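The sequence shown begins at 10 in the numbering used here and counts up by one.
Even glycine gets a Cβ: it sits at the ideal position worked out from N, Cα and C.
Source: prediction; values computed, not measured.
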Amino acid sequence: MANSIESTLVETRVFQPPQNFVEQANVAGQASYQALLEAADRDPDAFWAKQAREHLHWTKPFTKVLDESRAPFFEWFGDGELNVSANCLDANLKNGNASKVAIIFESDDGVVKKITYQQLHDRVCQLANGLKALGYKKGERSIIYMPMSIEAVVAMQACARLGITHSVVFGGFSAKSLHERITDVGASLVLTADEQMRGGKAIALKPAVDEALAMGGCEAVRHCIVYKRTGGKIAWDAKRDVWFHDVADKQATTCEPVAVGAEHPLFILYTSGSTGKPKGVQHSSGGYLLWAKLTMQWVFDAKANDIFWCTADVGWVTGHTYIAYGPLAAGLTQIVFEGVPTYPNAGRFWKTIQDQKVSIFYTAPTAIRSLIKTSDADAAVHPKSFDLSSLRLLGSVGEPINPEAWMWYHTNVGGGRCPIVDTWWQTETGGHMITPMPGATPLKPGSCTTRLPGITAAIVDEVGGDVAAGQGGFLVIKRPWPSMIRGIWGDPERYVKSYFPPELGGYYLAGDGAQCDKDGCFWIMGRIDDVLNVSGHRLGTMEVESALVAHEMVAEAAVVGRPDATTGEAIVAFVVLKRTRPEGDEALALGKQLRDWVAKEIGPIAKPKEIRFGDNLPKTRSGKIMRRLLRVVAAGEAITQDISTLENPAILDQLSKPV
Ligand code: WTA
């Protein structure tokens, strides 16, 4: 985060939207953007109603727009009915897109498979019919623990077609994390695969499901549907397990979409907060899909002949909104990519863009930063060694992009001609919130620029008062918006407490610190809570600490983030063992053991980069761990803070030294 704070002080470059881009843009020029912004601010209900009528197909039209009577539990288009899958698939068959390619799937080893809108529709219907035959219906919840594949999108869409609320769990999460989500969401169905392929290696998935289901509390799960990805050997429970192809293949290729209320939960996606277990962020059907589709058109400037590629995994919100739903609702052809950016070499992204003639490319700063390093070292994998002339727009998401990485992306990938949309948003917001509109907004490297029409983003102080330009504060959204979080599954109190603290008078608290410059551009400064952002993945320090103290050797643990040139932040854990403090080789060996333990408890993304052992942790006299000091120590900086309240100042010296 340090990068973006510095950049607010030094960054002065401005890039105007290129004239040829403006001429063809869906939102062309500042005046068009301003007109939308003003229309939305003047009469929000009329603005949103118009968008929802224009962009979605309703089986029962809504008469109400925003219902605030149970604030902060807001409802949008509450008496309307629709089906999300019908809006993504059937709508395209009616629009003349039946034989258009919907998905270009590129496997880890480079095999390409294409599927048209008609074929995707048919496959979704087959799986939905199969689910019906197994007795599944509207109102149930499914867990989807699948690799990046056409089948994962089919699974999500088939659930949506029947009104089954899905909860996708990223394939990198452990059996224990999976178990937590299966039980919390009360799933009756699990969809998975035998294995997934990443960087040339097969990684098991089904065994984690078996392990999770054996942990107890999952009795509601009636079936585990297994997509055969590799044919690898797996255990089989004939009473519960059934092959994806056996469920779907023989079914009819039409399936009446089940109309659901606009507020029906389309999905629940778990994400980290500062305290406790991950929260199940609940999203709606109508408002969510509206924003997914609208931001495709506004922010990605979607056109019929675009080839869109979002490199996220469907296990994260980006893969929900900008793979499983948005691009399909917008009728685009998109890439679904199974692999990793570094396999078979670090030119993989550029080769795929070249081969598939990708026109819109959306990825995370971490990927860009790591590819800068590799392409500086090897010209053969440098973007300049590929024909990237098909690109017309680039995007960034998940963490602040430092100006240096922005400039490299702009110059080397975008050839200096492609605008970059640096999109700020969150699992909770459902879609983009603060971002350039590429045909209208002047770009500043490192800033996510301005708010989208209808999104009342602002920076406020601790009592909700607006702060002046150039001053840091809390990023809030003042008015509700259609794709906003509807609640935390099973925990309404935590929803209110986390996002609508009373002192802010009803504003949505994003959890990020930010500032606005004199042009109204937002600069994100990082989280204000104990949430880490490692390679664009959100993790709570508490989660990692709980995993550490669950190890029999560990007495106490405190976890902080340290700025990292590639991953944005890196996890540093300070650990007190129940035995004496290890040193030298023993400390290294125990550190490795604990890092592997965390990977097993939560998933490899949570593995601390470094573990330091202490006789104790820095605490106040009342026993509170002083994390801000640990952050300074982890970053290797000198302590300038007041440490007079510290019970044991000598401990800082001990913890300052890496093992
Ligand atoms: C951070 C990912 C700066 C931010 C879509 C936010 C960003 C958290 C940006 C949400 C950006 C996301 N610039 N920071 N363009 N985009 N963030 O829920 O801290 O995985 O609160 O959603 O990522 O992460 P989440």
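Beta-carbon contacts of residue i that lie in its chain and below 8 Å, excluding the five residues immediately before and after
{"i": "residue 11", "result": "Here the model assigns residue 11 a pLDDT of 35, short of 50, so the residue's position is not dependable, and the following value carries that caveat. So the qualifying residues of the chain are 572."}
{"i": "residue 666", "result": "621"}
{"i": "residue 27", "result": "426, 428"}
{"i": "residue 585", "result": "563, 564, 565, 566, 622, 623, 624, 625, 626"}
{"i": "residue 650", "result": "637, 638, 641"}
{"i": "residue 102", "result": "126, 127, 130"}
Residue i Cβ short of 8 Å to ligand 1 heavy atom set
{"i": "residue 435", "result": "yes"}
{"i": "residue 547", "result": "yes"}
{"i": "residue 428", "result": "no"}
{"i": "residue 104", "result": "no"}
{"i": "residue 507", "result": "no"}
{"i": "residue 326", "result": "yes"}
{"i": "residue 408", "result": "yes"}
{"i": "residue 542", "result": "yes"}
{"i": "residue 521", "result": "yes"}
{"i": "residue 495", "result": "no"}
{"i": "residue 612", "result": "no"}
{"i": "residue 203", "result": "no"}
{"i": "residue 482", "result": "no"}
{"i": "residue 470", "result": "no"}
{"i": "residue 112", "result": "no"}
{"i": "residue 233", "result": "no"}
{"i": "residue 151", "result": "no"}
{"i": "residue 186", "result": "no"}
{"i": "residue 533", "result": "yes"}
{"i": "residue 457", "result": "yes"}
{"i": "residue 284", "result": "no"}
{"i": "residue 396", "result": "no"}
{"i": "residue 536", "result": "yes"}
{"i": "residue 405", "result": "yes"}
Helix, strand or coil at residue i according to DSSP, with G and I counted as helix
{"i": "residue 653", "result": "coil"}
{"i": "residue 138", "result": "helix"}
{"i": "residue 435", "result": "coil"}
{"i": "residue 329", "result": "helix"}
{"i": "residue 496", "result": "strand"}
{"i": "residue 342", "result": "strand"}
{"i": "residue 613", "result": "helix"}
{"i": "residue 165", "result": "helix"}
{"i": "residue 660", "result": "helix"}
{"i": "residue 254", "result": "helix"}
{"i": "residue 280", "result": "strand"}
{"i": "residue 317", "result": "strand"}
{"i": "residue 269", "result": "strand"}
{"i": "residue 391", "result": "coil"}
{"i": "residue 372", "result": "strand"}
Proximal residues to residue i (C-beta, below 6 Å), its chain only, five neighbours per side dropped
{"i": "residue 177", "result": "153, 323, 324"}
{"i": "residue 107", "result": "126, 127"}
{"i": "residue 554", "result": "566, 568"}
{"i": "residue 15", "result": "For residue 15, the predicted model reports a pLDDT of 40, less than 50, meaning its position is unreliable and no value from the coordinates is stated."}
{"i": "residue 49", "result": "56, 462, 463"}
{"i": "residue 495", "result": "291, 293"}
Check: residue i C-beta below 8 Å from any heavy atom of ligand 3
{"i": "residue 333", "result": "The model on display carries ligand 1 but not ligand 3."}
Residues near residue i in its chain [Cβ-Cβ closer than 7 Å; skip 5 each side]
{"i": "residue 212", "result": "204, 205"}
{"i": "residue 239", "result": "203, 204, 206, 211"}
{"i": "residue 390", "result": "354, 355, 356, 383, 384"}
Minimum Cβ-Cβ distance from residue i to chain B less than 9 Å
{"i": "residue 25", "result": "Looking at the structure shown, chain B is missing, and only one protein chain is on hand."}
8 Å contact criterion, which residue i and residue j should meet: CB distance rounded
{"i": "residue 338", "j": "residue 298", "result": "6 Å"}
{"i": "residue 181", "j": "residue 613", "result": "6 Å"}
{"i": "residue 329", "j": "residue 370", "result": "Contact doesn't hold; Cβ gap of about 19 Å is too wide."}
{"i": "residue 414", "j": "residue 468", "result": "24 Å between Cβ atoms; not a contact."}
{"i": "residue 367", "j": "residue 316", "result": "5 Å"}
{"i": "residue 587", "j": "residue 530", "result": "Not a contact, Cβ separation roughly 51 Å."}
{"i": "residue 403", "j": "residue 359", "result": "In fact, because the Cβ distance is near 13 Å, the residues do not count as touching under 8 Å."}
With three or more C-beta pairs closer than 8 Å as the rule, is the stretch 265-278 touching the stretch 159-177?
The stretch 159-177 is in contact with the stretch 265-278.
Mind the definition here: the stretch 439-454 touches the stretch 34-42 only if three or more C-beta pairs lie below 8 Å; say whether that holds.
The stretch 439-454 vs the stretch 34-42: in contact.
Counting pairs of Cβ atoms below 8 Å between the stretch 500-507 and the stretch 563-571, do you hit three or more?
Not touching, per the Cβ criterion.
May I ask you to verify whether the stretch 228-239 touches the stretch 183-201, counting CB pairs closer than 8 Å and requiring at least 3?
Touching, per the Cβ criterion.
I'd like to know if the stretch 83-93 and the stretch 486-498 are in contact, where contact means that at least 3 CB-CB pairs between them fall below 8 Å.
Touching, yes.
So, do the stretch 159-167 and the stretch 126-140 have three or more beta carbon pairs nearer to each other than 8 Å?
Touching, yes, given that three or more Cβ pairs across the two stretches are closer than 8 Å.
Can you confirm whether the stretch 107-116 touches the stretch 343-355 when touching is taken to mean that 3 or more C-beta pairs between the two stretches lie within less than 8 Å?
Result yes; three or more Cβ-Cβ pairs closer than 8 Å.
Does the count of Cβ pairs from the stretch 467-483 and the stretch 418-426 closer than 8 Å reach three?
They do not touch, by the three-pair rule.
Looking at C-beta atoms only, is the number of pairs between the stretch 408-421 and the stretch 435-445 that lie closer than 8 Å three or more?
The stretch 408-421 is not in contact with the stretch 435-445.
For the stretch 516-528 against the stretch 536-543, are there 3 or more C-beta pairs whose distance is under 8 Å?
By the C-beta criterion, the stretch 516-528 is judged to be in contact with the stretch 536-543, since at least 3 inter-stretch pairs fall below 8 Å.
Do the stretch 86-101 and the stretch 284-302 touch if we need at least three Cβ pairs shorter than 8 Å?
Judged by Cβ distances under 8 Å, the stretch 86-101 makes contact with the stretch 284-302, as three or more pairs qualify.
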